[in-house]
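**Student:** Would you mind keeping the following structure in view while I ask a few things?
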Amino acid sequence: MAAQGFLYMVLLFACCFAAVVIFKLAKIGFESLKPKPPAEEKKPPKQEKAQKPVYYIVEKKRTRGNYGAPRKINFSDDDK
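Encoded structure:
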């Protein structure tokens with residue numbers, strides 16, 4: 014009786030395995046039948062002007078109640 018149960022278990026596994034493989038192959042086949050959109054030409058990305066780094070002077074910690082905003086430093090003359 015145990016051998017018969019083992020045989021049915023192997024048979025069920027083989028059927029399920031075959032069903033999964035057939036389903037995956039059918040899915041691949043149906044996807045290959047779909048019309049593919051025409052390939053668009055890739056345009057080179059626009060080169061945007063890189064932002065210049067901004068440097069801040071941070072005040073040293075003092076025993077004051079409030080601190081001012083950090084000062085902005087521009088190293089070029091065109092950002093005035």
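Residue numbering for the sequence shown is 14 to 93, as defined by the numbering used here. Just so it is clear, CB atoms sit at the ideal spot from N, CA and C, and this is done for glycine as well.
(1) Can you tell me which residues form a DSSP beta bridge with Tyr21?
(2) Please list, in chain order, all residues of the same chain as Ala102 whose beta carbon is under 6 Å from its beta carbon, the five residues on each side excluded.
(3) Just confirm the distance between the C-beta atoms of Tyr68 and Ile86, as a whole number of angstroms; I'd bet it's less than 8 Å.
(4) Short check: CB of Ser89 to CB of Lys62, under 8 Å?
**Tutor:** Result, derived from the coordinates:
(1) Tyr21 is not bridged to any residue.
(2) Since the first residue shown for the chain is 14 and the last is 93, residue 102 is missing from the structure and cannot be characterised.
(3) Contact holds; Cβ gap of about 5 Å.
(4) Cβ distance not < 8 Å, so Ser89 and Lys62 don't count as in contact.
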